[in-house]
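One structure is given here, and the rest of the page talks about it.
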Amino acid sequence: MIVCKFGGSSVASANQLAKVKSIVESDSRRQVIVVSAPGKRDSSDVKVTDLLYSCCKEVKESGSCDNSFSQIEKRFIEILEDLNLDTAFFKEALKEVKEKINSNAGENYAASRGEYLNAILVAKYFGYEFIDATEIIVINEDGTVDDETWSLIDSKLDKSKKYIIPGFYGRNKNHVVTTFSRGGSDISGAILSKAMNAEVYENWTDVAGCYNADPRFIKSAYPIETMTYKEVRELSALGASVFHADAIAPVMKAGIPINIKNTNDSTAKGTMIVSNKDSNGPIGVSQIGTYTKLSCRKLMLTKAPGMVNTIHSVLRTYGINPMYSVQGVDTFSLLFEKNSISDKNLKLLKERLISEFQFEEITFVSDLSIVGVVGQEINDDLLNYKKSLDALYDNDIKVYQSVVGASSLAFFLVVDEDKAKKSVEVIFKSLF
Ligand code: ASP
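Okay, structure coming up:
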């Protein structure tokens, strides 16, 4: 059997839903269908999930979500009418949701209702059974999946039937509606794929797959045919946004392949994500920012065992998560997310580091980005690294730090944020 997840743009209108229906009906193995809330129909549109977050804001400000909720009602009713479906049953559901949001049911509840309402609608349209995600998915406080989920799915879902299930949310241990992070319907699909032992998890979106660079600014970027789970993790961490990074874990453990496919071009192969593949080398380049680099100097630094650890714990008390640390003879440096600390606290931190560790020199460089090249065993062939550095050098792009060898799956180059896109462009040109 196949588990399918259809993202927001795939379910944004009646026209898109008709495509989804024909995709699902064209292969009888497509039995479990996870849906997102209606997303954008065009670039100026607003996602239903965003409207739901606005509802909460409105309730806080004025006691009622009339304004945003009327836009939500309009969207759903328009879809139902365009599909020639009865609207009466749905108006009841809308009314109940609105009342609950108005009675301060909270952000998680409100945000989850886009998927909830949409799954009810799609189940009606397809004639499949609707299962509420709160009946089968239990989410822990840290956002991970609680083990109770597996037995719940096992007892509620029949392998011979077809289901429509809302993505993005479940419940917590106290039976309160809880959402995953944004884009979390990917996680719901992964959970169901694992629980149902699917032969493949099809993740339907509005692009041709996972691209080897951001196609919005690299016009010659193209979809990656096959990549491993580990490569997806690396690429997602670098800002590539096709697939939610946390959705890898459930399917990876079970070895279930993921196929990223395009609802608007359903016969195209898309990207296959698998455990192992034979080919090594670069598969993608991406960038993420904004970071600040901290560098410290002190004579005999490396002769003071444990010092770097102590500095890391001081940084953590300021809410900083140190990353990409590198150490020299009398120096060390690391990066952290710029907005994890205010300018005021950064000043205090500097004073504290100087007084506590007697550094001779401390510098902060901000507005940096990390450009990463990802690929299985990428560092086995140093030519990839050389070509990337040459490309930056030839374009006068300064490299503040480089991390090679921390992983066999990627290397990273730190550049000015305003040069990050240019860096991706020139590295892409030299590697692909
Ligand atoms: N609707 C949610 C969002 O916009 C979840 C999802 O689409 O996966 O983030």
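Numbering (the working numbering), first residue to last: 10 to 441. Glycine included, each C-beta is placed from N, C-alpha and C at the ideal position.
Asked                                                                                                                                                                              : Found
Cα-Cα, which of 95, 92, 47, 114 is closest to residue 66?                                                                                                                          : 114
Taking Cβ positions, are residue 200 and residue 259 nearer each other than 7 Å?                                                                                                   : yes
Grab me the residues of residue 102's own chain with a C-beta within less than 7 Å of its C-beta, minus the 5 sequence neighbours each way, in chain order.                        : 126, 129
For a minimum of 4 consecutive residues, which ranges assigned as the alpha helix (DSSP H) are wholly contained in the segment 361-405?                                            : 392-403
State the DSSP-derived secondary structure class of residue 163, mapped to helix, strand or coil.                                                                                  : helix
Can you tell me whether residue 314 is buried or exposed? The criterion is at least 16 other CB atoms within 10 Å of its CB, across all chains shown.                              : exposed
Going by DSSP, which residues form a beta bridge with residue 65?                                                                                                                  : For residue 65, which the question treats as bridged, DSSP gives no partner whatsoever.
Contact check, residue 217 vs residue 174 under 8 Å by CB: the rounded distance?                                                                                                   : Not a contact, Cβ separation roughly 26 Å.
Indicate the three-state DSSP secondary structure (helix, strand or coil) for residue 22 in the structure shown.                                                                   : coil
Quick check: what's the CA-CA separation for residue 77 versus residue 58?                                                                                                         : 11 Å
When the Cα atoms are used, what is the spatial distance from residue 158 to residue 437?                                                                                          : 42 Å
Contact defined as beta carbons within less than 8 Å: I believe residue 382 pairs with residue 420. What is the distance between those atoms, to the nearest angstrom?             : 6 Å
Could you tell me the distance, in whole angstroms, from the CA atom of residue 388 to the CA atom of residue 238?                                                                 : 18 Å
I need the boundaries of the beta strand (DSSP E) containing residue 2, first residue and last residue.                                                                            : Lying before the first or after the last residue shown, residue 2 is absent from the chain, which here runs from 10 to 441.
How would you write the range of the alpha helix (DSSP H) that residue 343 sits in, first residue to last?                                                                         : Taken as a continuous stretch (DSSP letters only), residue 343 belongs to no alpha helix (DSSP H), being part of the beta strand (DSSP E) at 340-346.
Taking one C-beta from the segment 271-288 and one from the segment 403-415 each time, how about it: are there three or more such pairs within less than 8 Å?                      : no
Looking only at its own chain, which residues have a Cβ that is under 7 Å from the Cβ of residue 21, when we skip the five neighbours before and after it?                         : 47, 48, 49, 50
I'd like to confirm something about residue 58: is its beta-carbon nearer than 6 Å to some heavy atom of the ligand ASP, or not?                                                   : yes
How long is the line joining the alpha carbons of residue 23 and residue 90, rounded to whole angstroms?                                                                           : 9 Å
Would residue 297 pass as a contact of residue 219 if the rule is Cβ separation under 7 Å?                                                                                         : no
Helix, strand or coil, according to DSSP, for residue 183 in the structure here?                                                                                                   : coil
Can you look up residue 302 in the DSSP assignment and give me helix, strand or coil?                                                                                              : strand
Thinking C-beta only, is residue 320 closer than 7 Å to residue 256?                                                                                                               : no
Give me, in chain order, the residues of the same chain whose beta-carbon lies closer than 6 Å to that of residue 28; leave out the 5 immediate sequence neighbours on both sides. : 272
How long is the line joining the alpha carbons of residue 167 and residue 204, rounded to whole angstroms?                                                                         : 12 Å
When the Cα atoms are used, what is the spatial distance from residue 323 to residue 357?                                                                                          : 12 Å
When we look at the beta-carbon of residue 372 and count the other beta-carbons within 10 Å, is it buried (16 or more) or exposed?                                                 : exposed
Can you tell me whether DSSP reads residue 415 as helix, strand or coil?                                                                                                           : strand
Could you say which of 299, 352, 198, 151 lies nearest to residue 14 if we only look at CA atoms?                                                                                  : 198
Should residue 202 be labelled buried (16 or more other beta-carbon atoms within 10 Å of its own) or exposed?                                                                      : buried
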